[in-house]
Every structure is written in structure tokens, then in C-alpha cells.
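Accompanying notes for the structure given below.
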DNA sequence: CTGTATTTTGAGAATCAGAATCAATATCAA
DNA sequence: TTGATATTGATTCTGATTCTCAAAATACAG
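Residue numbers (my numbering), protein chains in the order written: chain A, 5 to 162; chain B, 5 to 162.
Put into C-alpha cells, the structure is as follows:
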């Protein structure tokens, strides 16, 4: 999804933010934005390899990190820290708030939302005299259908 | 809480696990267990400083990490990764499963449980063809009562 | 268009939590 | 007590991420 779709809006968003903050629109930033919008979620390292492969231009890993963090500030991305130690950058531009279901076997990540759960969370917070800013809900388990699990693992998307 | 209370049961639990796995009950392991049971949650570094202060014995940081992980295997502790990058070891021996409510202002951590939320989680997982192993739910926000928030911050417990 | 001030880049060094190494030491079971 | 085995602590290593800084790119005033 989002193969040839126009990036006008996204680039405009980035450009706007940059201008507003007296920052510069560089080729690297555009390349990274473009690649990032193409995926659902990705690590800095993965994105680095992805871009290096199509060596359209030299690109430092530090730049990837810097730009990914920039995109998070703009609101296009969001950092996630699942069980491991590396940061996953989630492309949330076209998504509503959502929680995650993670397969321990094949690392599949499913996004879901549950207004019912959110409601209960608010209730819980109120009971303890808290005002909520945000939350994190991650469900860990495994796919019931082991074959699908394996198939997904093999899919190019990984 | 749990000041002079006997550690018989806990030491027995540890001893049992060690024997079963042909491991050894060392002074360090006992010291760490004892210190760990005294707190609700703590980082390896904090526990290290805590024990070094009462320099009853020399103790390497590596040993703290190793033993803390051992306690997690036994089930006395559980790792938590809140927003930061360091691991918090949660003493769960006398606790049921619980989730966390975290104040962004004063770092207060409140533990709670909600069977209703758990039920909805199971339902959600089933809907996506998943069997759940465990989950993580963290609510971030701030105490409504800023004064209490500050007071808690100052309390010796921190 | 051009010069210049300013920001960004890339390569590698720095960090930082945590894990691995390994010789010296402690534990345990006979 | 002994000897096999596990553990310790000091240190080094690792891997992800950030920092540094000279060189390059960009924006913008003229």
C-alpha cells in the first residue's frame, strides 16, 4: 500500500515544519521521509540498509536516526519499544491511536484499537486520581495458526 | 513493609531452585535476595549502590545483574521497561499480576489490576487469532493533586 | 544569480546499560 | 578434607544510539 501515491501532502508537512523552525530541506531528509512512508514500522538499522541497497546516495546512519527523530517530532512517526532493545519507528501518519498484538514466534505485529479498553483505562486512572496523557498496551502471544505464522515470517514485508 | 519479617520462605524458594539446577547458594545471592525483597522495584544500578553503601562485602555489578535475572527466572522478580532505557526489576513475589500507572511529573508508580480490561484483551486477541502469553499495560499521566505529587517525590522511599 | 551565514552531513568516537570473559575463589557432596 | 564444579569480580566487549566536528549543502539577502 502507498506505492505510487503522491507524497505531496507529507513533503509539504515536513517542509512546513522545517521552514517554521529555520531548518533545511535536504535530499537526505526527503529520501528518508519517502522510504519511511512506504512502511508500517521499521528500525533505524533496517531503514539504513534499505536505503543503502538502492545506493542512490551515500547516507550516514546518524542521519537516519536524526531524521527519524525529526519525523517523530512532526508527528509522522512514533517510537515503540517492544520487548527487545532496539527502537521501532512506527509510521502513524494515516493511523489513529492503536495498540499492539505481538507474536512471540514470528514477530508479527498487529495493530488494533479498543474504545472499550480505553474507557476502562480512564476509569482506572480516575480512581487513582490521575489524568492520563497517553498509554501503552502490548499483548504478547502467538498466532493460533502456526502455518500462517511461518508464512508471514517468510513474506517479503519482513 | 517487610522490615523484620522472616525470609525463610523466600530463601527456601531460592535454595530449592538452586538445588534443583545444581547451582550454589552463595553469600552474594542471599544478600541480593534480601535487599531485593525489601523494595517494591529497583534498578540494578540502584541495588548495587544500596548494597555497596552497607559494604558488608565487595560485590560486582555483574553479579547484581546475574542474580536479578536469576530471581526473574524463579519468579520473584520481573523486568519492566518503562519509558527510559534502564530496566526496572519489579519484586512480584507477593503481588498478583498487575499493570502500572506512571506519573510523568514525579515518577510515582502505582500498581493496579483490572479483570475487566484483561477480559477485553483476551477477546481482542481471540478476534485476531492469537493466544495470549502475557501483556503490558502502562498508563502515563499525572497526579491530579500536585502537592501530593511533590510530597511523594520527597518521600524517603524514592 | 551569487556570496555568505547557517544548518546539515558523514565518519568515526563517545556513551551507556547490560552481557561475556576468565582466572581466582567459594560451595557442595562424598 | 578433597576435588569437581559453579560463581565471583574486574574488566572487556557489545550493540544501539547520540555526539563531535570539519566539510558540504542550503537558504536567503542583495
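Note that beta-carbon positions come from the ideal geometry of N, C-alpha and C, so glycine has one too. The structure displayed is predicted, hence computed values, not measured ones.
- Considering residue 97(A), what are the terminal residues of the beta strand (DSSP E) in which it resides? No beta strand (DSSP E) contains residue 97(A), which DSSP labels as neither H nor E.
- Message: By the 7 Å beta-carbon criterion, what residues does the region 131 to 154 of chain B contribute toward chain A?
- Response: 132, 133, 134, 135, 136, 137, 138, 139, 140, 141, 142, 143, 144, 145, 146, 147, 148, 149
- What residues of chain A sit near residue 85(B), judged by a beta carbon separation below 7 Å? 85
- Query: Hey, residue 108(A) and residue 144(A) are a contact pair by Cβ (cut 8 Å); roughly how many whole angstroms apart?
  - Reply: 6 Å
- Return the chain-ordered list of same chain residues with a C-beta closer than 8 Å to the C-beta of residue 40(A), the five sequence neighbours on each side being excluded. 46, 51, 72, 75, 80, 81, 93, 95
- Query: Which two residues bound the contiguous alpha helix (DSSP H) that contains residue 131(B)?
  - Reply: 119 to 131
- Task: Leaving aside the five residues before and after residue 29(A) along the sequence, list all residues of the same chain whose C-beta is less than 6 Å from its C-beta, in chain order.
- Result: 19, 22
- Which two residues bound the contiguous beta strand (DSSP E) that contains residue 84(A)? Residue 84(A): member of the beta strand (DSSP E) spanning 81 to 84, first to last residue.
- Message: At a cut-off of 7 Å, would you count residue 90(B) as near the ligand ZN, judging by its Cβ distance to the nearest heavy atom?
- Response: In terms of ligand content, the structure shown is empty, and the ligand ZN therefore cannot be addressed.
- Within 10 angstroms of its Cβ, does residue 27(A) collect 16 or more other Cβ (buried), or is it exposed? Of the residues assessed, residue 27(A) falls on the exposed side of the cut-off, its CB having fewer than 16 other CB atoms within 10 angstroms.
- Query: So with Cβ pairs under 8 Å, would you call residue 82(B) a contact of chain A?
  - Reply: no
- Query: Whose Cβ in chain A lies nearer than 7 Å to the Cβ of residue 120(B)?
  - Reply: Per Cβ cutoff of 7 Å: 124.
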